[in-house]
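In our numbering, the protein residues as written are 1088 to 1402.
Down below is the structure, laid out as C-alpha cells.
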C-alpha cells in the first residue's frame, strides 16, 4: 500500500506532494531500494525533522493498530502532519462519511446502484448530448464516408460484436479503418501484439488503411458509435466496450464492469487512451462503475475534447 501511495504521488504532481522516503516497520526491509529507506519506525520523528518532512502518510495495513495511536500522537506533538490511508483505494471521497462509533471514528459507505433517477439522468444526458453532436457533425461525417469510399474498397462502416450491460452482446459501429479481411489476419499477427492482458494492439498495424491512420489518430473513427448511444446500447461515458474473447478472460471482479453500459469515452480515455495498460484501464473502469455521478460524466466529456485534439495516447 505504501508503494502504491508513492506511485500516485509521483504520477500526479497536482496533488502537491513530494516523496522523500520510506520508514521501515521491520528491521529487514524487502522490495524497496536501500536509498529510499530513511530509517526505522522508532526514530520516525527524528527522521522527519532531519529531512524537513511536513507530513507523514501512514498506510493502515502497514502498522499494527496497537502502535498507530502512540505513533500519531508522537508525530503531532512534534508539529508534523499525519495522514492515514484507510486501505480503501479507488473509493471516491464523496462516498465516504466519517462517523463516531464510541471512541472510534469509522468510515461509512452506502451501497451504490446506478438505477432509478440516476439511470434516468444519465440517459437524459446521453440523449441530449448525442442529439447535439449528431446535428453538428452530420456534414463532416458524410464527408468522411465519401473519402473512405474513394480511399479504399470495402464498406464505409465496420461492425464488431462487443459485450454490453449485463453481458448483452451488440454490434459497435465505427468508420472502417482496416482492410476488409482484418479480423481474419489477426491470428497471423498475434506474435506482434504489444498490449498486455487480453488486449490486442500493434503500433504499426499493417491492416490499417491510409485513411484509417488519420481517422484513428483523430478518433474520428469512433463517431458512428453515437448511433449506439441513441439506440441505448452504449453511453457517452462508461467502461471500454470489450470483445467477447476479452471478456471471457476477465477475472471475476472485472465482470462488475458489466453493471453499466460501455462508453465511447471514459476515464481510460482521458488518462492515457490506447497507451493505458490493461491493468490500469481495468482499475479506472471499476473506479467509474463504483463511483459514478452525472458530474463525473460531464467532466470526462469535457476532458475528452483536449485529449483527442492533442492526440494523447492515440493509436
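Think of the CB as a built atom: it goes at the ideal place given N, C-alpha and C, for glycine as much as any other residue.
On a predicted model such as this, the values are computed, not experimentally measured, just so you know.
Take residue 1107 and list the residues in its own chain whose beta-carbon comes closer than 6 Å to its own, dropping the five residues that flank it on each side.
By 1-based counting over the chain shown, the position of residue 1107 is 20. Contacts found: 1138, 1140.
Can we say the stretch 1230-1249 touches the stretch 1212-1220, given the rule of at least three CB pairs closer than 8 Å?
Segments in contact, no.
Relative to the ligand GDP, is the shortest distance from any of its heavy atoms to the C-beta of residue 1335 smaller than 7 Å?
With respect to small molecules bound, the structure shown includes none, and the ligand GDP cannot be examined in it.
Pull up the distance between the alpha-carbon of residue 1208 and that of residue 1387, whole angstroms please.
If you number the chain shown from 1, residue 1208 lands on position 121. If you number the chain shown from 1, residue 1387 lands on position 300. Rounded to whole angstroms, residue 1208 to residue 1387 spans 16 Å at the Cα level.
Whether residue 1372 touches residue 1346 by CB criterion (8 Å):
Along the chain shown, read from residue 1 onward, the residue named residue 1372 stands at position 285. Along the chain shown, read from residue 1 onward, the residue named residue 1346 stands at position 259. No.
Measure the C-alpha to C-alpha separation of residue 1155 and residue 1126 and round it to an integer number of angstroms.
As a working note, residue 1155 is residue 68 in the chain shown. As a working note, residue 1126 is residue 39 in the chain shown. The alpha-carbon atoms of residue 1155 and residue 1126 are separated by roughly 18 Å.
Would you call residue 1170 buried or exposed, if buried means 16 or more other Cβ atoms sit within 10 Å of its Cβ?
Stepping through the chain shown from its first residue, residue 1170 is reached at position 83. Under this definition residue 1170 is an exposed residue.
Three Cβ pairs or more, each shorter than 8 Å: is that satisfied between the stretch 1296-1312 and the stretch 1243-1261?
Taking a contact to require three or more Cβ pairs closer than 8 Å, the stretch 1296-1312 and the stretch 1243-1261 qualify as touching.
Selected residue, minimal CA-CA separation from residue 1367, among 1341, 1250, 1319
Numbered from 1 along the chain shown, position 280 holds the residue referred to as residue 1367. Measuring from the Cα of residue 1367, the nearest candidate turns out to be 1341.
Quick check: the Cα distance between residue 1248 and residue 1142, rounded to an integer number of angstroms?
Reading the chain shown from its first residue, position 161 is the one you call residue 1248. Reading the chain shown from its first residue, position 55 is the one you call residue 1142. Rounded to whole angstroms, residue 1248 to residue 1142 spans 50 Å at the Cα level.
Look up residue 1185 in the DSSP assignment and give the residues it is bridged to.
Here the question's residue 1185 lines up with position 98 in the chain shown. For residue 1185, which the question treats as bridged, DSSP gives the partners 1194.
I'd like to know whether the C-beta atoms of residue 1374 and residue 1353 end up nearer to each other than 8 Å.
Reading the chain shown from its first residue, position 287 is the one you call residue 1374. Reading the chain shown from its first residue, position 266 is the one you call residue 1353. No, Cβ-Cβ distance for residue 1374 and residue 1353 is not below 8 Å.
Run through the stretch 1226-1252 for me and flag every whole beta strand (DSSP E) of 3 or more residues, listed as ranges in chain order.
1244-1250
So residue 1368 is in the alpha helix (DSSP H); what residue range does that whole segment cover?
To locate residue 1368, count along the chain shown from 1; it is residue 281. Its alpha helix (DSSP H) spans residues 1365-1378.
If you measure between the beta carbons of residue 1185 and residue 1176, is that distance less than 8 Å?
Translated into the one-based positions of the chain shown, residue 1185 becomes position 98. Translated into the one-based positions of the chain shown, residue 1176 becomes position 89. No, Cβ-Cβ distance for residue 1185 and residue 1176 is not below 8 Å.
Anyone know if the C-beta pair for residue 1110 and residue 1104 falls short of 8 Å?
Within the chain shown, residue 1110 is the residue found at index 23, counting from 1. Within the chain shown, residue 1104 is the residue found at index 17, counting from 1. Cβ distance not < 8 Å, so residue 1110 and residue 1104 don't count as in contact.
In terms of residues, what are the limits of the beta strand (DSSP E) holding residue 1351?
Residue 1351 sits at position 264 when you count from the first residue of the chain shown. Here the beta strand (DSSP E) through residue 1351 covers 1350-1352.
With a Cβ-Cβ cutoff of 8 Å, do residue 1303 and residue 1295 count as a contact?
Numbered from 1 along the chain shown, position 216 holds the residue referred to as residue 1303. Numbered from 1 along the chain shown, position 208 holds the residue referred to as residue 1295. Cβ distance < 8 Å, so residue 1303 and residue 1295 count as in contact.
Contacts around residue 1123, its chain only, beta-carbon distance under 7 Å, and the 5 residues preceding and following it disregarded
Position 36 of the chain shown holds residue 1123. Contacts found: 1108, 1109.
Where the beta strand (DSSP E) through residue 1260 begins and ends
Residue numbering aside, residue 1260 sits at position 173 when the chain shown is read from its first letter. 1256-1262 is the extent of the beta strand (DSSP E) around residue 1260.
For the alpha helix (DSSP H) that residue 1301 lies in, which residues bound it at each end?
Start at 1 with the first residue of the chain shown, and residue 1301 comes out as number 214. Here the alpha helix (DSSP H) through residue 1301 covers 1297-1305.
Buried or exposed: where does residue 1113 fall if 16 or more other Cβ atoms within 10 Å of its Cβ makes it buried?
Translated into the one-based positions of the chain shown, residue 1113 becomes position 26. With fewer than 16 Cβ atoms within 10 Å of its Cβ, residue 1113 is classed as exposed.
Return the CA-CA distance between residue 1146 and residue 1369, expressed in angstroms with no decimal places.
If you number the chain shown from 1, residue 1146 lands on position 59. If you number the chain shown from 1, residue 1369 lands on position 282. One C-alpha to the other measures close to 23 Å.
Counterpart residues of residue 1124 in DSSP-defined beta bridges
As a first step, residue 1124 is located in the chain shown; it is residue number 37 there, counting from the start. Answer by DSSP bridge pairing, in chain order: 1109.
For residue 1088, name the three-state secondary structure that DSSP assigns.
In the chain shown, residue 1088 corresponds to position 1, counting from 1. Here residue 1088 sits in coil by DSSP.
Relative to the C-alpha of residue 1172, which candidate in 1183, 1219, 1243 has its C-alpha closest?
For this step, residue 1172 is matched to residue 85 along the chain shown. Considering only alpha carbons, the answer is 1183.
Taking only the alpha-carbon atoms, compute the straight-line gap between residue 1162 and residue 1299 and give it to the nearest angstrom.
Start at 1 with the first residue of the chain shown, and residue 1162 comes out as number 75. Start at 1 with the first residue of the chain shown, and residue 1299 comes out as number 212. Cα-Cα distance, rounded: 59 Å.
By DSSP, does residue 1175 sit in helix, in strand, or in coil?
As a working mapping, residue 1175 is identified with position 88 in the chain shown. In the structure shown, residue 1175 sits in coil (DSSP, three-state: anything other than H, G, I, E or B).
Got a sec? Which residues, its chain only, sit under 6 Å from residue 1334 by beta carbon, not counting five neighbours each side?
Position 247 of the chain shown holds residue 1334. Excluding sequence neighbours, residue 1334 sits near 1250.
Figure out for me which residue from 1252, 1194, 1189, 1158 has the closest Cα to the Cα of residue 1130.
Along the chain shown, one-based indexing puts residue 1130 at 43. Selected option, being the one with the closest Cα: 1158.
Counting C-beta neighbours from all protein chains within 10 Å, is the total for residue 1135 16 or more, i.e. buried, or is it exposed?
Looking up residue 1135 in the chain shown gives position 48. With 16 or more Cβ atoms within 10 Å of its Cβ, residue 1135 is classed as buried.
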